[in-house]
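Reading through the structure tokens given below for one structure.
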Amino acid sequence: MLMPWNELVAFLDSGFRELLETDYAQVRYGDVGMAVALAVAVGVVLALTLVRLASTRKRHARQHSGHLIEARHRKRLWVRVLHTAPKVLLAAALVMLVVSVADPFLTATEEVSGSVESRVRIDLVDTSGSMAWEFPDTNKSKAEVARDAHLEFLEMRREKNDRVSLWLFSTYPYMVDDFVMDDELYYYQVWDAPYVMTQRLDKAMVVPRDKVRIIPAEGDTNIIRPLQDIVKHFDRDEAVQGRGRNQNRAVLIITDAAVDEFPDAEFEELSKRNIVPYLIYINTSDARTASFLNPSVPQLVAQIQEYGGDYFDVTSEDSLLRAYQAIDEREAVRVELKHRALRVPIYSRFLLVAMGLLVVGIPLGFVSELLWGTTP
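Start counting the sequence shown at 142; every next residue gets the next number (the numbering used here).
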């Protein structure tokens, strides 16, 4: 049984309204590659079709017939509009289908009461210019290798109730977001963060250009400023949460350790607050060329254990597992769960509108072709 016309109109109207009310600034896409591949395939088919139509004789027409069709016998403007409308509807439906294939989604929040056992951590990611250079024998930048390691670490920590805040640093520190407990939201925050922040690009940099943020006065590796700000942020959070001092917390630093100065005073402040520094070291050194004057391990890596922390070399097979286990062994902190971010798929909004346009456009195309397809 066919849908009544008034119900179809109401269905299309609600679909269009929902699509128009979508906040596209908040939309993210889960599978852009598939959508791009589909768009390229459609573009190739369309180009071949246009070439075929341009190279073949039009139906119901004969070249050099000697007859000139007067304007009054040609299609009127409103007829041309109606004849072209189905093609426009089909093109719009095709665009909607391509977008829906990209798996668009939004994040939403829901209020949740109660408390959970959590491990509190700040992830501090090095995005300085040195991270844009190639990691040996990979054709990838150190920043990309570091990001892959970080994302793999987050997968290992999934469902562990981590309360985490993401920070980036180069010459200056940047807090991406305050503490969150939603694994999905935090994973996409890390995935979406830039690899490198610098004031200019160098041709030798192998980092993807869409993962670079050009910011004046950026590009150095100053780890002192972010650690100072992190100490203050932990103090503010401790006051807001109403917990006693010396709760076990951690800072996970992801860097190639090419820092400008060693943060001795800042590590001392972290140690006073029982905040343990862990370091995922993006190691590109060659142990064979190391010497007393030129050690293979930087000072930041060599001395972090003196402050109760540890480092994990990403070139070793079990480095991330050891980092995961070390943080998992920390004493959990009981915190109140105030909200949780959820992934809300919205591909159906585009798909339903596309289906509605096809339902209208295909029959309308047949009718318009029968009525006006053979007239000039």
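For glycine and all other residues, C-beta sits at the position ideal for the given N, C-alpha and C.
Self-check item: Bridge partner(s) assigned by DSSP for Pro-486
Solution: Phe-246
Quiz item: Can you pull the DSSP bridge partners for Trp-219?
Solution: BP columns for Trp-219 are empty, so no partner.
Quiz item: At what residues does the alpha helix (DSSP H) containing Leu-520 begin and finish?
Solution: One cannot answer for residue 520 here, as it falls past the ends of the chain, which runs 142 to 517.
Quiz item: With a CB to CB cut of under 6 Å and the five nearest residues on each side skipped, what residues in its chain are close to Asn-435?
Solution: Only weak support exists for where Asn-435 lies, its pLDDT of 41 falling under 50; the value from the coordinates is given anyway. Nothing meets the Cβ criterion.
Quiz prompt | Beta carbon proximity, Ile-445 to chain C, threshold 8 Å | solution = The structure shown contains no chain C; it holds only a single protein chain.
Quiz item: Pick from Ser-412, Pro-486, Gln-388 and Val-353: whose alpha carbon is nearest that of Gly-450?
Solution: Ser-412
Quiz prompt | Terminal residues of the beta strand (DSSP E) in which Val-392 lies | solution = 390 to 396
Quiz item: In terms of residue numbering, what span does the beta strand (DSSP E) encompassing Gly-309 cover?
Solution: Rather than Gly, the amino acid found at residue 309 in this sequence is Leu. Taken as a continuous stretch (DSSP letters only), the beta strand (DSSP E) holding Leu-309 covers 303 to 310.
Practice problem: Give the DSSP bridge partners of Pro-115, in chain order. | Solution: Summary: the structure shown does not reach residue 115, with the chain confined to residues 142 through 517, and so no result is reported for it.
Quiz item: Any contact of the segment 347 to 363 with the segment 319 to 339, i.e. 3+ C-beta pairs under 8 Å?
Solution: yes
Exercise. Starting from the Cα of Ser-311, find the closest Cα among Ala-358, Ile-468, Asp-318 and Leu-247 and give me that residue.
Key: Ala-358
Quiz item: Using the C-alpha atoms, what's the distance from Val-442 back to Asp-397?
Solution: 9 Å
Quiz item: Among residues of its own chain, excluding the 5 on either side of Ala-391, which ones have a beta-carbon nearer than 8 Å to its beta-carbon?
Solution: Arg-260, Val-261, Arg-262, Ile-263, Ile-416, Val-417, Pro-418, Tyr-419, Ile-468 and Arg-471
Quiz prompt | Element boundaries [beta strand (DSSP E), containing Thr-190] | solution = Premise fails: Thr-190 lies in the alpha helix (DSSP H), 173 to 196, not in any beta strand (DSSP E).
Quiz item: Alpha carbon to alpha carbon, what distance is there between His-224 and Arg-217?
Solution: 11 Å
Practice problem: Tell me whether Asn-524 is buried or exposed, calling it buried when 16 or more other Cβ atoms sit within 10 Å of its Cβ. | Solution: The first residue shown for the chain is 142 and the last is 517, placing residue 524 beyond what the model contains.
Practice problem: Could you tell me whether the segment 298 to 318 touches the segment 229 to 240, using the rule of 3 or more Cβ pairs below 8 Å? | Solution: no
Quiz prompt | Continuous alpha helix (DSSP H) stretch holding Phe-294: start and end | solution = 283 to 297
Quiz item: Is it true that the CB of Val-494 sits closer than 8 Å to the CB of Met-237?
Solution: yes
Self-check item: Buried versus exposed, by CB contacts within 10 Å (16 or more), Asp-324
Solution: buried
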